[in-house]
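For reference, the structure discussed in these notes is given below.
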Amino acid sequence: MKASGVNRPDILQRKGLYAPPEDASKLPGLEVAGIITEVGKNVSSFEAGDRVMSIMKYGGYKTEIVVPEKNTYHVPNQMNIIEAAEQSERL
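Heads up, the sequence shown is in the working numbering, so the first residue is 1 and it goes up one at a time.
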């Protein structure tokens with residue numbers, strides 16, 4: 001993890017006004033971007049070192065995360081990692 005977007009549910013959750021789903025992490029963070037450190041054995045679209053962005057259920061404020069391949073996208077070359085986290089909500 002290098003960056004995480006901040007959106008309305010994150011703000012409401014931090015204020016105690018929005019409870020995440022029971023099966024979700026108690027940490028906020030839906031939009032994330034970072035660099036892959038390792039991939040699962042069935043992953044074919046990514047490799048370690050790739051810059052990626054993803055949308056997740058919650059927990060994007062962690063320093064390391066695991067996300068499904070289907071929710072992950074390459075960061076375009078012209079986009080920095082912070083912009084990628086901010087834009088991942090539009091995926």
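Each residue gets a CB set at the ideal place from its N, CA and C atoms; glycine is no exception. Owing to the predicted nature of the structure, the values given are computational and were not obtained by experimental measurement.
- Judged by beta-carbon spacing, residue 34 lies within the 8 Å limit of residue 2, meaning their Cβ atoms are closer than that value.
- Fully enclosed beta strand (DSSP E) runs of no fewer than 3 residues occupy 31-35, 51-55 and 72-74 of the region 19-78, in order along the chain.
- Under the DSSP assignment, residue 90 falls outside any alpha helix (DSSP H); it carries neither an H nor an E label.
- By the neighbour-count criterion, in which a residue is buried when 16 or more other Cβ atoms sit within 10 angstroms of its Cβ, residue 52 is buried.
- Judged by DSSP secondary structure, residue 12 falls within the alpha helix (DSSP H) whose first and last residues are 8-14.
- Contact annotation: residue 50 and residue 65 have beta-carbon atoms that are not nearer than 8 Å.
- Nearest C-alpha to residue 72 among 23, 84 and 62: 84.
- When the beta-carbon positions are compared, residue 69 and residue 7 stay at least 8 Å from each other.
- Residue environment: residue 32 is assigned as buried (16 or more neighbouring CB atoms within 10 Å of its CB, all protein chains considered).
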